[in-house]
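Asks: Please read through the structure below; I'll follow up with questions.
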Amino acid sequence: MKKIFVAGHRGMVGSSIVRQLEDQKNVEVVTRTRSELDLTNQQAVRDFFDTENIDEVYLAAAKVGGIHANNTFPADFIYENLMIECNIIHSAHLAGIQQLLFLGSSCIYPKLAEQPMQETALLTGTLEETNEPYAVAKIAGIKLCESYNRQYGRDYRSVMPTNLYGPHDNFHPENSHVIPALLRRFHEAKLNNDSEVIAWGSGKPMREFLHVNDMAAASIHVMDLDKAIYDANTSTMLSHINVGTGVDCTIRELVETVAKVTGFEGNIVWDPSKPDGAPRKLMNVDRLASLGWKYSYSLEDGLTNSYQWFLENQNNFRS
């Protein structure tokens, strides 16, 4: 029986990883709530690993938030994420755990990285200012894994997801990301019989989106790869792997698909006075494809699944 600790099991990605691991035979999934184990407390994390006899670790725990939160609480974002990573990775090493998977973020890449973004773009330019502290912490996580591999021969791996969405997403009306925000807005417009929904910008920017169940499946796929195969497709100082679809869509296409999925039949009015943001953000996923993994959810199927989860859980986030 393999004993696997999933840190961050209540988050969007962590909960999906737990569901998929529990479907496997001969696997015991270990989780701890924040009240049971404070991952920023070094001694508590050390004691946990000393007593639990863990075989593998999925490090999906992180302090996350949107642009406003990152701008308002930069110290919290860099401190808490660094502490979580340092405590778990170091304590796992001290406990003799050979396999660990660290989950990062596409924000590790430079603000002006060439599209689609390749793994080799890491540390080649200036980061996006609004989430630099968070990105620096995630880069440190990658380098922690690489450093323990180099010095101690560990097998600590890293995956960098594109924009994620799906069950257990944040549907808060002010603090959510684009897909949950749109799903909620169009749902409420349908309930209110609104004749139109105003969408920001021109609709021309292109974005890539990955359903969280695909992200969890990719994480398990990467973790289960033979070490020789993983090492042959990465390098000592560039060991992370991008996870995405490798396919993007315009914001206009996204909005129209959300309207279809939610059943909104009114007009979509575009407000070009609102900012568009970067013209394109796309991950290069050639490395992951060469390792035998591809996404399974189309955008429409993924949005339908996410909307269904929202409908079943909306009473939990009415404010």
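Numbered according to this note's numbering, the sequence shown terminates at residue 325, and the numbering increases by one at each position without gaps. Backbone N, C-alpha and C define an ideal beta-carbon position, used for all residues, glycine too. The structure displayed is predicted, hence computed values, not measured ones.
#1: Which partner residues of Thr256 appear in the DSSP bridge assignment?
#2: Skipping 5 residues on each side, what residues in its chain have a beta carbon closer than 6 Å to that of Met7?
#3: Could you tell me how far apart the beta carbons of Gly308 and Tyr171 are, in whole angstroms, since I believe they sit closer than 8 Å?
#4: Going by beta carbon distance, what residues of the same chain come within less than 6 Å of Cys92, once the five residues before and after it are set aside?
#5: Quick one: which unbroken alpha helix (DSSP H) runs of 4-plus residues sit fully inside the stretch 239-306? Chain order, please.
#6: Would Val275 be called buried (16 or more neighbouring beta carbons within 10 Å of its own) or exposed?
#7: Here's the rule I'm using: 16 or more other beta-carbon atoms within 10 Å means buried, otherwise exposed. How should Arg213 be labelled?
#8: By a C-beta neighbour count over all protein chains shown, 10 Å radius and 16 as the cutoff for buried, is Gln105 buried or exposed?
#9: Does the Cβ of Lys233 have 16 or more other Cβ atoms within 10 Å, making it buried, or fewer, making it exposed?
#10: Going by Cα to Cα distance, which pick from Gln49, Asp200, Ile103 and Pro186 is closest to Val218?
#11: For Ser112, name the three-state secondary structure that DSSP assigns.
#12: Along the alpha helix (DSSP H) that carries Pro80, what are the first and last residues, could you check?
#13: How big is the Cα-Cα spacing for Arg38 and Lys210?
#14: In the DSSP assignment, what are the bridge partners of Tyr171?
#15: Buried or exposed, going by whether 16 or more other CB atoms sit within 10 Å of the CB of Ile103?
#16: Output needed for His99: all residues of its chain with C-beta closer than 7 Å, excluding positions within five of it in sequence on either side, in chain order.
#17: Between which two residues does the beta strand (DSSP E) harbouring Lys340 extend?
#18: Please name the residue, chosen from His96, Phe79, Phe192 and Ala75, that lies closest to Leu45 on a Cα-to-Cα basis.
#19: Compare the Cα-Cα distances from Thr251 to each of Glu271, Tyr303 and Ala127 and report the closest residue.
#20: In chain order, what residues of the same chain have a beta carbon less than 7 Å from the beta carbon of Gly283, not counting five sequence neighbours either side?
Replies: Result, derived from the coordinates:
#1: Residue pairing for Thr256: DSSP places it in a beta bridge opposite Met212.
#2: Asn32 and Glu34.
#3: Confirmed, about 7 Å.
#4: Taking C-beta separations shorter than 6 Å and ignoring five residues to either side along the sequence, Cys92 has no partners in its chain.
#5: Complete alpha helix (DSSP H) runs here, min 4: 257-268 and 292-296.
#6: If you draw a 10 Å sphere on the C-beta of Val275, you find fewer than 16 other C-beta atoms in it, and that means exposed.
#7: Buried is the call here.
#8: Classification of Gln105: buried, given that the 10 Å Cβ count is 16 or more.
#9: Under this definition Lys233 is an exposed residue.
#10: Comparing Cα positions, the closest option is Pro186.
#11: When DSSP states are grouped into helix, strand and coil, Ser112 belongs to the helix group.
#12: Under the DSSP assignment, Pro80 falls in the alpha helix (DSSP H) whose first and last residues are Pro80 to Leu100.
#13: Approximately 43 Å, taken between the alpha carbons.
#14: Paired residues: His217.
#15: Buried, since its Cβ has 16 or more Cβ neighbours within 10 Å.
#16: Here the set comprises Tyr154, Tyr158 and Arg160.
#17: Lying before the first or after the last residue shown, residue 340 is absent from the chain, which here runs from 7 to 325.
#18: When each option's Cα is compared against that of Leu45, the closest is His96.
#19: When only C-alpha atoms are compared, the closest one is Tyr303.
#20: So the qualifying residues of the chain are Pro211.
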